[in-house]
Amino acid sequence: MKLHSTLRFNPGLLLVAPVMDVMCSLMLFFLLGSDLVVPSGASIELPRSQFVLRDFNVGHTLVVPAGDQPTILLDRRPVAYAELGAMLDALAAEDRKENGKVGALIIRADRYVPHGRVMDIQNQVLARGFAVAIAATPADS
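This is the structure in structure tokens:
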């Protein structure tokens, strides 16, 4: 007695699993990949804070990595510490020309940068009329 299957073989269903596997892998890549990219070009570890400033009008970003003589990044452009004042003057003049006033600036300083250096940079930024915020990582994350 020979048994025959009553189910028809459908090879199309076999192709669904690899397609779904590729689609899920691509979705994970794009969802998680953006967190792995360093947005400013410098790897920094921000200090933690339980307070969050919302609705801060972001105009410019200044990144201060840790190290003896770090290169500061002002809007993703490398700037030597000695040239920071001149670059801030040019940036403030550009803001005044475009908007009629000086904009806002977020300082993203690594948690291991000495506090005195961060305060010196902040004072230089404030002297040019920028509104300043110090970036931090939320304490619960």
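With our numbering applied, the sequence shown covers 1 to 141. Note that beta-carbon positions come from the ideal geometry of N, C-alpha and C, so glycine has one too.
Taking the C-alpha atoms as reference points, what is the distance between P18 and F29? 16 Å
Going by DSSP, name the residue or residues bridged to P138. Bridge partners of P138 according to DSSP: S49.
Outcome for A109 when other beta-carbon atoms lying within 10 angstroms are tallied against a minimum of 16: buried
Would you kindly report the start and end of the unbroken beta strand (DSSP E) that includes A104? Boundaries of the beta strand (DSSP E) harbouring A104: 104 to 109, taken from the DSSP string.
Quick check: what's the CA-CA separation for S25 versus G33? One C-alpha to the other measures close to 11 Å.
What is the rounded straight-line gap between the Cα of S43 and the Cα of P65? Our two residues, S43 and P65, have alpha carbons roughly 7 Å apart in a direct line.
For Q124 and P138, the rounded distance between their alpha carbons: 26 Å
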